[in-house]
Amino acid sequence: MLKDVTLGQYYPADSVIHRLDPRVKLAGTLLYLISLFLFQGPLALATATVFLILLITLSKVPFSYIVKGLRTIIIILIVTAAMNLFFTTGTVIVQFGIFKLTYEGIQMAILMMIRLVYLILGTSLMTLTTTPNQLTDGLEKGLRWMKKIGVPVHEIAMMMSIALRFIPILTEETDKIMKAQMARGADFQSGGLIKRAKAMIPLLVPLFVSAFRRANDLAMAMEARCYHGGDGRTKMKPLRYTAADRNAYLLLFSYFVAMIALSLLWTKVLGGGKLFF
Amino acid sequence: MSIIVNELNYIYNPGTAMEVQALRDINLEIKDGEFIGIIGHTGSGKSTLIQHLNGLIRATSGGIFYNGADIYDEGYDLRTLRTKVGLVFQYPEHQLFETTVMADVSYGPKNQGLDEKEATLRAVGSLNAVHFPEKHFYDSPFELSGGQKRRVAIAGVLAMKPEVLILDEPTAGLDPQGRDEILEMVSNLRSTQHITVILVSHSMEDVARYVDRLIVMNGGGVMYDDTPQAVFAHYKELEEVGLMAPQVTYVMHALAEAGIPVRTGATTVAEAKDEILSVLC
Ligand SMILES: Nc1ncnc2c1ncn2[C@@H]1O[C@H](COP(=O)(O)OP(=O)(O)OP(=O)(O)O)[C@@H](O)[C@H]1O
Ligand SMILES: [Mg+2]
């Protein structure tokens, strides 16, 4: 019933990308996102496309599986495109009432679509190839320096990993309780707003009870193992950079430099506009 | 009146990396008044199968017929089916939500459209049927002991007066006494209320004592479907799929191999005792 949430769920496979240090993937994703919003011209766009396709191929995640994630944001895509199409000022092509279709609008719409699609593909590639645990580990270690300015990095990472861990548990629990109440004749689908809200009580009460019970059990289990926060805590699988990670950083860096260079080449030397002309 | 399961297949998360074929080619006929045990290793598909029987899960392929009607027909009333085929989930106490035991047990009957009075009457009847002590009828269900909570949850399903009662591991996590009480109660319900009972269990000893027919599931398929005696005769094959026949089966087979002419069909300690005494005396 609740199984259709596939956007960014870990996809188990054995690939170069899966094996990379999560810090590389986090930094890489950030760099890729920045590059998406800086680039100018078709040369850089082609580079960003090739780079993305290369990474997806390397990750061994089926292309169709990644693209499925786009379905969840299709509304946002359409709205953004429509806004750009009709509200960008410039050379008017056609006009319906207050809506003007402009050359610049078409360009902006295409550009924004590409950016959003690549942004979603890029970030979901990261979450698809990195387990939530690795992700929080990577964040904790990558942002350790922030502790000096008083940010409780370890605590935040711990909360994140617990929260992430609880999502599938609670989803499963919701599914189970829903079925159990449906077996007692509950009806979650029909009726007006008030009737439906009322029908949720038999679902929500047991769900909260169970969430609190689980939180309580977890707290006890952590106490019983002498958990006392991040100081002096060691890791079972400490993050260490390998040769592959260094190469990945190098590749990322070259990509980023290439993107800047190609953008500059297009605007300054070839005198091109934002996207194509 | 019966449930017919025809060529049933079910796949969890089809088309993703987490694809699992939980049921394959299941064919069953469940007749009125039968007491059936379903047993199988963890992950063999028992819970998945029983959730099909009241239409909570829709089969990937195959069909289910309740009293001759195809439950996947358009316009088939699944909500009514669910009140006729009562399903008690594993750890049913986790679904309690009301402020009092009485209100919680009345939830099912009220969903059936009964008024307050009738629902309460049903609740009292089913709470008595599960031997729930009257003095706790208006207590909060969250303040009861584990075994009591489970009785309340079973009563919640019984109160809908189902024709078929399915229990998914009703004794999981109970002590031996609580376990015997629940099973004895289920067995009584079946004889007094003339309902069909399907009992999912991990324990061969439990099912051997009560059921007339035993379905063994393995890897999503039905491995054996026969009387407990006939199934336990395959005790070597059962071991290969991680199940054990009741201990008395082993004793009887060992005795027979040692040359004592006992019949090996005994499945409970009492039967074994009678058999051995009859041979020795
Ligand atoms: N919600 C679900 N999503 C995905 N796979 C599932 C889900 N529920 C069960 N499965 C898978 O289906 C198979 C059958 O599971 P099922 O719960 O029916 O087994 P079971 O016989 O009831 O086991 P147990 O004795 O542990 O209760 C298992 O391989 C399980 O991993
Ligand atoms: Mg089960």
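Chains A and B, in that order, give the protein sequences. Each residue of the first sequence is one higher than the one before, starting from 1 at the first, in the working numbering. Each residue of the second sequence is one higher than the one before, starting from 278 at the first, in the working numbering. Where a beta carbon is used, it is the ideal one built from N, C-alpha and C, also for glycine. Quantities reported herein were computed from a predicted structural model and do not represent experimental measurements.
Inset, instruction - From the DSSP output, in three-state form, read off R301 (chain B) for me. - result: Locating residue 301 (chain B) in the second sequence gives position 24, where the first residue counts as 1. R301 (chain B) falls in the strand class under three-state DSSP.
Inset, instruction - Give me the Cα-Cα distance between V257 (chain A) and V117 (chain A), rounded to the nearest whole angstrom. - result: Your numbering for residue 257 (chain A) matches position 257 in the first sequence. Your numbering for residue 117 (chain A) matches position 117 in the first sequence. Each residue's Cα considered, the two are about 22 angstroms apart.
Inset, instruction - Pull up the distance between the alpha-carbon of I341 (chain B) and that of I280 (chain B), whole angstroms please. - result: The residue given as residue 341 (chain B) occupies position 64 in the second sequence. The residue given as residue 280 (chain B) occupies position 3 in the second sequence. Approximately 7 angstroms, taken between the alpha carbons.
Inset, instruction - Flag F409 (chain B) as yes if its beta-carbon sits less than 8 angstroms from any beta-carbon of chain A, otherwise no. - result: Taking the first residue of the second sequence as position 1, residue 409 (chain B) is located at position 132. No, no contact with chain A.
Legend entry - Three-state secondary structure (DSSP) of T267 (chain A): Numbered from its first residue, the first sequence carries residue 267 (chain A) at position 267. Helix.
Legend entry - Segment limits, alpha helix (DSSP H) that includes V525 (chain B): As a working note, residue 525 (chain B) is residue 248 in the second sequence. Q524 to E534 is the span of the alpha helix (DSSP H), which, as asked, contains V525 (chain B).
Legend entry - Coil, strand or helix - A436 (chain B) by DSSP: What you label residue 436 (chain B) is simply residue 159 of the second sequence in a count that begins at 1. Three-state DSSP puts A436 (chain B) in coil, outside helix and strand.
Legend entry - Min CB distance D217 (chain A) to chain B below 8 angstroms: As a first step, residue 217 (chain A) is located in the first sequence; it is residue number 217 there, counting from the start. Cβ-Cβ to chain B under 8 angstroms: no for D217 (chain A).
Legend entry - Sequence-distant residues of the same chain with beta carbon closer than 6 angstroms to V434 (chain B), five excluded per side: Reading the second sequence from its first residue, position 157 is the one you call residue 434 (chain B). Closer than 6 angstroms at Cβ, skipping near neighbours: G363 and V365.
Legend entry - K426 (chain B) vs E370 (chain B) beta-carbon contact at 8 angstroms: On the second sequence, residue 426 (chain B) is found 149 positions in, with the first residue counted as 1. On the second sequence, residue 370 (chain B) is found 93 positions in, with the first residue counted as 1. Against a cut-off of 8 angstroms, the Cβ pair of E370 (chain B) and K426 (chain B) comes out as a contact.
Inset, instruction - Would you check whether ligand 2 has a heavy atom nearer than 7 angstroms to the C-beta of Q367 (chain B)? - result: Within the second sequence, numbered from 1, the residue matching residue 367 (chain B) stands at position 90. It does: the Cβ of Q367 (chain B) is within 7 angstroms (strictly closer) of some heavy atom of ligand 2.
Inset, instruction - Just confirm the distance between the C-beta atoms of V378 (chain B) and V429 (chain B), as a whole number of angstroms; I'd bet it's less than 8 angstroms. - result: What you label residue 378 (chain B) is simply residue 101 of the second sequence in a count that begins at 1. What you label residue 429 (chain B) is simply residue 152 of the second sequence in a count that begins at 1. Their Cβ separation, rounded to whole angstroms, is 5 angstroms, which keeps V378 (chain B) and V429 (chain B) in contact under 8 angstroms.
Legend entry - Beta-carbon neighbours of A531 (chain B), restricted to chain A and to distances below 9 angstroms: Here residue 531 (chain B) refers to the residue found at position 254 when the second sequence is read from its first residue. Those do not exist, as A531 (chain B) stays about 42 angstroms from chain A at its closest Cβ, beyond 9 angstroms.
Inset, instruction - Please indicate yes or no: does the CB of D381 (chain B) lie closer than 7 angstroms to some heavy atom of ligand 2? - result: Here residue 381 (chain B) is taken as the residue at index 104 of the second sequence, counted from 1. Short note on D381 (chain B): C-beta not closer than 7 angstroms to any heavy atom of ligand 2.
Legend entry - Cβ of A432 (chain B) within 8 angstroms of any chain A Cβ: For the purposes of this step, residue 432 (chain B) is taken as the residue at position 155 of the second sequence. Chain A, which has no Cβ nearer than 8 angstroms to the Cβ of A432 (chain B), makes this no.
Inset, instruction - State the beta-bridge partners of I341 (chain B) as determined by DSSP. - result: Position 64 of the second sequence, counted from the first residue, corresponds to residue 341 (chain B). Bridge partners of I341 (chain B): B:V282.
Legend entry - Cβ neighbours of G138 (chain A) in the same chain (closer than 8 angstroms, five flanking residues each side left out): In the first sequence, residue 138 (chain A) corresponds to position 138, counting from 1. Excluding positions up to five away in sequence, the list reads D21, P22, R23, K25, L26, T130 and L239.
Legend entry - CB of L330 (chain B) within 8 angstroms of CB of I492 (chain B), strictly: Residue mapping note: residue 330 (chain B) aligns to position 53 of the second sequence, counting from 1. Residue mapping note: residue 492 (chain B) aligns to position 215 of the second sequence, counting from 1. No.
Legend entry - L442 (chain B) - DSSP class collapsed to helix/strand/coil: Working through the second sequence from its first residue, we reach residue 442 (chain B) at position 165. Three-state result, L442 (chain B): strand.
Inset, instruction - Say yes only if the C-beta of M295 (chain B) is nearer than 7 angstroms to one or more non-hydrogen atoms of ligand 1, and no if none qualify. - result: Sequence index remark: in the second sequence, residue 295 (chain B) carries index 18 (1-based). True, at least one ligand heavy atom lies under 7 angstroms from that Cβ.
Legend entry - Where M521 (chain B) sits in the DSSP three-state scheme: Your numbering for residue 521 (chain B) matches position 244 in the second sequence. Correct three-state label for M521 (chain B): coil.
Legend entry - Test item: CB-CB of I303 (chain B) and L326 (chain B) under 8 angstroms: Along the second sequence, read from residue 1 onward, the residue named residue 303 (chain B) stands at position 26. Along the second sequence, read from residue 1 onward, the residue named residue 326 (chain B) stands at position 49. Result yes, Cβ atoms of I303 (chain B) and L326 (chain B) sit closer than 8 angstroms.
Legend entry - Which of helix, strand or coil DSSP assigns to I149 (chain A): One-based indexing of the first sequence puts residue 149 (chain A) at position 149. Here I149 (chain A) sits in helix by DSSP.
Inset, instruction - Report the neighbours of Q389 (chain B) on chain A: residues whose CB is nearer than 8 angstroms to its CB, in chain order. - result: As a working note, residue 389 (chain B) is residue 112 in the second sequence. Per Cβ cutoff of 8 angstroms: G185.
Legend entry - Contacts around E306 (chain B), its chain only, beta-carbon distance under 7 angstroms, and the 5 residues preceding and following it disregarded: On the second sequence, position 29 is the one that residue 306 (chain B) refers to. Only S279 and I281 meet the Cβ criterion.
Legend entry - Contact with chain B by V205 (chain A), beta-carbon distance below 8 angstroms: Indexing the first sequence from 1 puts residue 205 (chain A) at position 205. Put simply, the CB of V205 (chain A) is near chain B, with a gap under 8 angstroms to one of its CB atoms.
Legend entry - T319 (chain B): CB within 7 angstroms of a non-hydrogen atom of ligand 1: Here residue 319 (chain B) refers to the residue found at position 42 of the second sequence. Within the cutoff, so yes.
Inset, instruction - Look at the alpha carbon of L557 (chain B) and the alpha carbon of A224 (chain A), and state the distance between them as a whole number of angstroms. - result: The residue you call residue 557 (chain B) lines up with position 280 of the second sequence. The residue you call residue 224 (chain A) lines up with position 224 of the first sequence. Straight-line Cα distance between these residues: approximately 56 angstroms.
Inset, instruction - Note down, in chain order, each residue of its chain lying with its Cβ closer than 6 angstroms to the Cβ of D4 (chain A), except the 5 sequence neighbours on either side. - result: Stepping through the first sequence from its first residue, residue 4 (chain A) is reached at position 4. Below a pLDDT of 50, predicted positions are generally treated as unreliable, and D4 (chain A), at 48, falls in that range; the measurement from the model is reported next regardless. Cβ neighbours of D4 (chain A) within its own chain (closer than 6 angstroms, five residues either side excluded): none.
Inset, instruction - Evaluate contact between the segment 144-160 of chain A and the segment 44-63 of chain A, counting only Cβ atoms and requiring at least three cross-stretch pairs below 8 angstroms. - result: no
Inset, instruction - Determine, using beta carbons only, whether A436 (chain B) and V382 (chain B) come nearer to each other than 8 angstroms. - result: Against the second sequence, residue 436 (chain B) aligns to sequence position 159. Against the second sequence, residue 382 (chain B) aligns to sequence position 105. Yes, Cβ-Cβ distance for A436 (chain B) and V382 (chain B) is below 8 angstroms.
Inset, instruction - Please work out which residues of its chain come closer than 6 angstroms, Cβ to Cβ, to G498 (chain B), disregarding the five sequence neighbours upstream and downstream, and give them in chain order. - result: Within the second sequence, residue 498 (chain B) is the residue found at index 221, counting from 1. Only R301 meet the Cβ criterion.
Inset, instruction - From the DSSP output, read off the bridge partner residues of A308 (chain B). - result: Residue 308 (chain B) sits at position 31 when you count from the first residue of the second sequence. Note that residue 308 (chain B) corresponds to Lys in the displayed sequence, not to Ala. B:S279, per the DSSP bridge assignment.
Inset, instruction - Give a yes or no on whether the minimum CB-CB distance between P42 (chain A) and chain B is below 8 angstroms. - result: Start at 1 with the first residue of the first sequence, and residue 42 (chain A) comes out as number 42. Cβ-Cβ to chain B under 8 angstroms: no for P42 (chain A).
Inset, instruction - Determine, using beta carbons only, whether Q328 (chain B) comes closer than 8 angstroms to chain A. - result: Taking the first residue of the second sequence as position 1, residue 328 (chain B) is located at position 51. At least one chain A Cβ lies under 8 angstroms of Q328 (chain B).
Legend entry - Contacts that Q372 (chain B) makes with chain A (C-beta to C-beta distance below 7 angstroms): Numbered from its first residue, the second sequence carries residue 372 (chain B) at position 95. In chain order: I177, A180, Q181 and P206.
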